[in-house]
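Q: In my numbering, the protein residues as written are 4 to 67.
Below is one structure. I have some questions about it.
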Amino acid sequence: MPRQNRGIERLKTEVNRSSPDAYAAIIGIPISALVSLSLVLPLEQVGGPIVFKMPRVEFKGASG
4 MPRQNRGIER
14 LKTEVNRSSP
24 DAYAAIIGIP
34 ISALVSLSLV
44 LPLEQVGGPI
54 VFKMPRVEFK
64 GASG
């Protein structure tokens, strides 16, 4: 097993041993931060008004 994989497996073991809920927090917070960043960065680059259109729903500006 490569050295990096052993470190990840050891981290999973330690987190699961301490608290199963901690695993969700340790993994969930960074993933949610990346998702937020992937939404914010492209929207900051838009020069005009932001408009989301879906079937039967339309959001303009900061209405969402």
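Quick reminder that beta carbons are idealized off the backbone N, C-alpha and C, glycines included.
(1) Thinking residue 53 and residue 46 are a contact (beta carbons under 8 Å), I'd like their distance in whole angstroms, please.
(2) Whole angstroms is fine: what's the gap from residue 10's alpha carbon to residue 56's?
(3) Under the DSSP definition of a beta bridge, which residues are partnered with residue 15?
A: Once the coordinates are examined:
(1) That belief holds up - the Cβ atoms of residue 53 and residue 46 are roughly 6 Å apart, short of 8 Å.
(2) 45 Å
(3) Paired residues: none, contrary to the question.
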